[in-house]
DNA sequence: GTTGCGTGTGAATCACGAA
DNA sequence: TTTCGTGATTCACACGCAA
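Residue numbers (the working numbering), protein chains in the order written: chain A, 1 to 361; chain B, 1 to 361.
Right, dumping it as C-alpha cells:
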C-alpha cells in the first residue's frame, strides 16, 4: 500500500518501512543524519531482524560493519527512490561511518557534488591527548545521478560569504544555549542535535521555497523546524517517541518567515530571457548603431533583425563576440558596449532596465 | 623472494609488486597519495576562456569502482603487512575516492584515529558556479589495528599550534612557486605535487627521528625529501621513471637538520591568533633559522615544532624571550627578529600578511 | 628599492532549454 | 534522443614588468 504524499508532518516509525509507503520521485531534497555507531542506540538490526549486540573482537567488528552496510543500503535505496530525477541529498557523518556512507552512495548511483566539512568552532577537546581534536563532521552532498539538473543557489551562497564563492569548509558553532532542547531535568534531550545554522545553509543552498524536504532521521526536528521557517514543505520520520514529541512541538511553534524575507539573491540564469532583437524593435538600440568591445578593439553594427554585422560576418551578439575574439563562446550581453554620453556602457544595462520594469509592473 | 629492508632509497616499479618483496612488520609509518580516480568529462574553461590543465594522466583512470576497489585492497593489504603492530598510516584523497579508501581500510582491520581535513588557502575556484568551491582534501590517519600502541607526538602538535590542541582541520597553502618542481619548459612536473608543509606536520605528528617511513606512491618525492630533512629513514616507490628521477635528485639535495634542531619538546605557551608554528611548517621561517633580539644581545634557533632553542633552554617565542632577558613575561612576536636582507625585522611581520590572518578563521 | 598592474594557474567528477 | 543557440562564470598567490 502507498499513501499520497503527506506534507508538513512528522511520523513516528522505522524510516525504511515508512519510506516504503511513500510514492517514488516525490521529494526535492533529503537531509539525513543517520546513526553513527551501531552500539549506541540499538536501532540496528541484522537482515533477519535479530538485534546486534556489542562485542568488539575482530570477527564481530566485521559483522558490525556488514550489518551497518546492509542497513545503510536499505535506507539510502529507499531515499533514492523517493527523490525525483533532479533532487539532491545531504548525509552527515563522522569518520566512524562516513566512509561507508559515501562508498555505498556511489555504489547506488548517487553522484557526489561536494563533500562539505562542518568545522566546529567549539568542539569537545581530546581529553586523553592521544589524537587530534576531532573538530569537524562531514556532509556528503549528492545528486540522484550524474545527469541530474540539481538546484544550487550559487548567488545566495556567494552573498552569504561576503561576495566570495562559498567554500567546502564551513565554520559553524555547535548547537548550545537556548537552541539546545532540554528535558525537565535540564539534560539535553538528544545527544547530537544539529545547529539550526547548519540546516539554514543546507536548505538555502539546495532548495527553493515550497520544495519538499524529507528527513528520515528527524530526531528533535531541526530540519522540519528550519524547513517551516524558510517556507519549505517537510516530511520527518523518527523512531523514538520522545524525539517525535519534541520535534512536533518545536516545529509547531516555529513561524514561517514572510515572503519578502524568504527571497534570496536570484540566479541570473533564472532571470526572464529577453531577446536582444526586442530592443532593436522598440528603437532603444536602433538598427545602424555601432557596438564596441570594452577596449574598442572590435566593432559591429546592429541590423534590423537584431543580428550584428562586421565585414562579411553576421550573427547573434554572442556568436559575433566569439567570432571576433577567437573564443569558443561569448556572452554578448557583457561583451558588447554602446556609446552613452561619450562613454562605453555594456548593452546588458538595457536588460536590467527591462527586468526592473517587469518586476515593477 | 624477499629483500632485507633497504633504507633511504627510491625504487622504480609497481608498488604492489615492490611491497611484496619487502619483509613484514618492518616500517613505522606509511604515507600514501594514491590515484584519486577523478572522472573528468570534458574540457573546462575559466571565465577568461583559458583552459584548465586538469589531471588527465593514464595512471588516474580506472574502468569502474570495482577495478579501483580491487587495486585499493591490494596495495592497502600489502602496506598493512609491512607495518609493524604499532605503526600508523596516512592516506590522502578527495571525495572521488576517499570514501572507498576509508571503507576498505576499515574492512582490512585498520583502526581509524582521525580524519584530517587539509583546508587549502588557495584552491581553484568553481568556474561555472555549479558547486561549492572544492577547497579541501581529506587525510585518513589510522593505526594497524585497534590494539596498536601508536605514536602521536601530542605535545609537539600542541606546540606547533601555540599551545592549543591541534585540531583535525589544517589550513595550508597549495604547493606553488619555487617549491613546485618544473620541467625545462616551465611546466609542472607532476600534476598533484603535495606541499612540504603537509608532510612536515604528518611526520612531526606521527613519527620519531630514525623511524622508517614508506611512501608507495612517491611521485616527485615530497615524502622522501621531508623525511630526510627531518631525520627519518625513508623508502619510496614510484612507477613513472620521470618522477623517480626528480624524486631522487630532490631528495639527494635535501639536507638533514642537525640533531639539536630535530628534537621536539613539550611547551606551555600563550595563544595568539596565528600560530607561530604555521610559519615554520610553511617554510616561511624554516627550522634552523636563527632569531635575534633587536640589539643582537641574545639569539635562539627555530625548531620544527615551532619552539626556540638556546643552549640548554627551550620554549616558546614568548617564554624564551622572557627567559633570556630575565623579564617576567615577553611578547615573542615583537621581541624576536629575523634577518632579512642583512637587516633585523620583527617576526611579527609574518602575521601581518593576508594569508596569516586567514589561517585563524 | 617600491608599488602597482597585468598575467598565469591550481587533484575539477563545472549548462541548459527549446526544437 | 540529439542538436543547437543562448549566455553564465573565478580566488588566492606568484611572478614579471612598468612607473
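We put the CB at the ideal spot given by N, CA and C, even for glycine.
Can you list, in chain order, the residues of its chain with a C-beta nearer than 8 Å to that of residue i? Leave out the 5 residues immediately preceding and following it.
i                     : result
residue 210 (chain B) : 231, 232, 233
residue 365 (chain B) : Any answer about residue 365 (chain B) is impossible in this case: the structure gives chain B only from 1 up to 361.
residue 79 (chain A)  : 19, 30, 32, 89, 214, 216
residue 315 (chain A) : 307, 308, 323
residue 148 (chain A) : 85, 86, 87, 88, 111
residue 218 (chain A) : 10, 224, 236, 237, 238, 243, 244, 247
residue 113 (chain B) : 88, 141, 142, 143, 150, 152
So is residue i in contact with chain A if we call contact Cβ pairs under 8 Å?
i                     : result
residue 365 (chain B) : Past the edges of chain B, shown from 1 to 361, lies residue 365 (chain B), and the structure says nothing about it.
residue 126 (chain B) : yes
residue 106 (chain B) : yes
residue 211 (chain B) : no
residue 119 (chain B) : yes
residue 14 (chain B)  : no
residue 68 (chain B)  : no
Within a Cβ cutoff of 6 Å, which residues of the same chain sit near residue i, ignoring the five residues on either side of it in sequence?
i                     : result
residue 324 (chain A) : 298
residue 73 (chain B)  : 104
residue 91 (chain B)  : 32, 101, 140
residue 365 (chain A) : Chain A is shown from 1 up to 361; residue 365 (chain A) falls before or after that span and cannot be answered.
Using a Cβ cut-off of 7 Å, pull out every chain A residue sitting near residue i, in sequence order please.
i                     : result
residue 328 (chain B) : Result: empty, since nearest Cβ-Cβ is about 29 Å, beyond 7 Å.
residue 36 (chain B)  : The premise fails here: residue 36 (chain B) is roughly 12 Å from chain A at the closest Cβ pair, so nothing lies under 7 Å.
residue 136 (chain B) : 117, 168, 169
residue 46 (chain B)  : Those do not exist, as residue 46 (chain B) stays about 11 Å from chain A at its closest Cβ, beyond 7 Å.
residue 49 (chain B)  : 327, 328
Which residues in chain B sit within 7 Å of residue i, going by Cβ to Cβ distance?
i                     : result
residue 103 (chain A) : 99, 100, 103
residue 129 (chain A) : 154
residue 65 (chain A)  : 106, 107
Taking only beta-carbon atoms, is residue i less than 8 Å away from chain B?
i                    : result
residue 91 (chain A) : no
Can you say whether residue i is buried or exposed, counting buried as having 16 or more other CB atoms within 10 angstroms of its CB?
i                     : result
residue 343 (chain A) : exposed
residue 59 (chain B)  : exposed
residue 238 (chain A) : buried
residue 25 (chain A)  : exposed
residue 248 (chain A) : buried
residue 41 (chain B)  : exposed
residue 106 (chain B) : buried
residue 109 (chain A) : exposed
residue 50 (chain B)  : exposed
residue 187 (chain A) : exposed
residue 55 (chain B)  : exposed
residue 326 (chain A) : exposed
residue 281 (chain B) : buried
residue 345 (chain A) : exposed
For residue i, which residues in chain B fall below 8 Å Cβ to Cβ?
i                     : result
residue 208 (chain A) : The premise fails here: residue 208 (chain A) is roughly 16 Å from chain B at the closest Cβ pair, so nothing lies under 8 Å.
residue 133 (chain A) : 165, 166, 167, 168
residue 95 (chain A)  : 102, 112, 114, 115, 140
Taking C-beta pairs closer than 8 Å, name the residues in chain A that residue i reaches, listed in chain order.
i                     : result
residue 335 (chain B) : Simply none; closest approach about 29 Å.
residue 281 (chain B) : None at all; the shortest Cβ gap to chain A is about 15 Å.
Who are the Cβ neighbours of residue i in its own chain at under 7 Å, not counting the five residues just before and after it?
i                     : result
residue 350 (chain A) : 279, 284, 285
residue 43 (chain A)  : Its pLDDT being 49, under 50, residue 43 (chain A) is placed unreliably by the model, and the measurement read from it follows with that caveat. Excluding positions up to five away in sequence, the list reads 35, 239.
Touching or not, the region 151-168 of chain A and the region 180-197 of chain A, by the rule of three or more beta carbon pairs under 8 Å?
no
Does the region 244-261 of chain A come close enough to the region 139-150 of chain A to have 3 or more Cβ pairs within less than 8 Å?
no
The region 28-36 of chain A in contact with the region 95-102 of chain A per 3-pair CB rule at 8 Å
yes
Using a Cβ distance threshold of 8 Å, determine whether the region 127-139 of chain B contacts the region 60-70 of chain B, with at least three qualifying pairs required.
no
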